[in-house]
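Below: the structure, in structure tokens.
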Amino acid sequence: MARLNDAMTSVNRNEGEGMTVKRARLIYNPTSGREAMRKALPDVLERLEQAGFETSAHATTGEGCAKDAAVVACQREFDVIIAAGGDGTVNEVVDGMARQSYRPALGVIPMGTTNDFARAIGVPRDVHAALDIILNGFTKKLDIGQANDKHFMNIAGGGKLTELTYEVPSKLKTAIGQLAYYLKGIEMLPSIRPTHMKIDYDGQVYEGDTMLFLIANTNSIGGFEKLAPEAEMDDGYFDLLIMKATNIAELVMIANKALRGNHIHDDHIIFTRAQSITVESDEDVQLNLDGEHGGQLPGTFTNLYRHIEFFLPEE
1 MARLNDAMTS VNRNEGEGMT VKRARLIYNP TSGREAMRKA LPDVLERLEQ AGFETSAHAT
61 TGEGCAKDAA VVACQREFDV IIAAGGDGTV NEVVDGMARQ SYRPALGVIP MGTTNDFARA
121 IGVPRDVHAA LDIILNGFTK KLDIGQANDK HFMNIAGGGK LTELTYEVPS KLKTAIGQLA
181 YYLKGIEMLP SIRPTHMKID YDGQVYEGDT MLFLIANTNS IGGFEKLAPE AEMDDGYFDL
241 LIMKATNIAE LVMIANKALR GNHIHDDHII FTRAQSITVE SDEDVQLNLD GEHGGQLPGT
301 FTNLYRHIEF FLPEE
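Residue numbers for the sequence shown follow UniProt numbering, so the first one is 1 and each next one is one higher.
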């Protein structure tokens, strides 16, 4: 745990004799949250400047743009990166930062539909309240996950049940928010079928027909806050959830249990902790990383212990 000013004594960029200038790079999705960040941008930049940050902003234009911007910000050794957008934007920024030898402290301003990661770290949805946390300067290093050649900060998963998160059109998510996911889930329910998978977790092996697997770094997944109720973000472990084959009635029952966090004791569920996980299947299984498409199986998932420093509420 640290405060930004204490953590950056080694950074010395002078604008005159003895003056240290802190630089912040704001990477934001201009379409998230009904363009709320675009509207708030002048006030956010003004507050950062008043707090002593030399601030510049980068508006994303499409897939991969936030990742590329994060890489450049690391290479230019900014002191702070701020990711403003939904979980997809934050994921790209984390993915871009994770490979770099120099990684600035990362702040999050949540502007998306579910904002799972921001909810998990206690950052409110209000733009200025989220900015207050960054300006307060309290930071902590947290784990992130590596999935093959990509990274995630919240969740990795696979199976038909996970595919609805990236099948919901972005315009529908913007219009009706999280309800869009539930509507898509109802539409897909009759067609959901199990997939045969082999899952190796820290030397133990499960093999069988599987509805889904979830590799959780936080307790907030798809708007559910109790899917991985015991998850900790700085312990070097994932929480692994495997749902075995079920019928529709059993699936609905498990979903109801998940609202209360009681699903982990269900006979159809394997729930454990692991640092390294591999998943294989002879079938075509798409990977979901933080709610976005992340390639296909096979997958190797590794916990990167306290790899990125995040701004958090001090309490």
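Virtual Cβ for every residue (Gly too), placed ideally from N, Cα, C.
Residue i, enclosing beta strand (DSSP E) - first and last residue
i, result
"ASN303", "299-311"
"VAL108", "105-110"
"LYS140", "138-147"
"SER56", "53-59"
"HIS151", "150-152"
Residue i vs residue j beta-carbon contact at 8 Å
i, j, result
"ALA228", "LEU241", "yes"
"THR210", "MET243", "yes"
"ASN29", "ALA118", "no"
"LEU304", "LYS140", "no"
"ALA40", "VAL123", "no"
"GLY145", "PHE238", "yes"
"ILE81", "ILE109", "no"
"ILE221", "ASP116", "yes"
Identity of the residue in the options nearest residue i by Cα
i, options, result
"GLY299", "LEU312, ILE199, GLU207 and PHE271", "ILE199"
"LEU297", "ASP87, THR61, THR114 and GLY158", "GLY158"
"THR20", "PHE53, PRO42 and ILE248", "PHE53"
"ILE269", "ASP202, MET253, ALA40 and LEU106", "MET253"
"LEU26", "ALA120, GLN275 and ARG38", "ARG38"
"ASN148", "ARG306, ASP95 and GLU63", "ASP95"
"residue 340", "ASP235, VAL279 and PHE310", "Within the shown structure, residues of the chain are numbered from 1 to 315, placing residue 340 beyond reach of any answer."
For residue i, the three-state DSSP class (helix, strand or coil)
i, result
"ILE82", "strand"
"GLN204", "strand"
"ILE248", "helix"
"ILE27", "strand"
"LYS119", "The displayed chain sequence assigns Arg, not Lys, to residue 119. Note: ARG119 maps to helix in three-state DSSP."
"MET233", "coil"
"GLU314", "coil"
"GLN275", "coil"
"LEU227", "coil"
"GLY177", "Interpretation of GLY177 is limited by its pLDDT of 44, a score under 50 that renders its predicted location unreliable; no figure is taken from the coordinates."
"ASP209", "strand"
"ASN288", "strand"
"ILE134", "helix"
"ILE192", "coil"
N-terminal and C-terminal residue of the alpha helix (DSSP H) that residue i is part of
i, result
"SER32", "32-50"
"GLY96", "87-98"
"LYS160", "First-last for LYS160: undefined, no H or E at that position."
"VAL21", "Here VAL21 belongs to no alpha helix (DSSP H), and DSSP marks it neither H nor E."
"ASP266", "Run containing ASP266: none; DSSP gives neither H nor E here."
"ASP126", "It is not in any alpha helix (DSSP H) - ASP126 carries neither H nor E in the DSSP assignment."
"ASP282", "Counting along the chain, ASP282 falls outside any alpha helix (DSSP H), and DSSP gives it neither H nor E."
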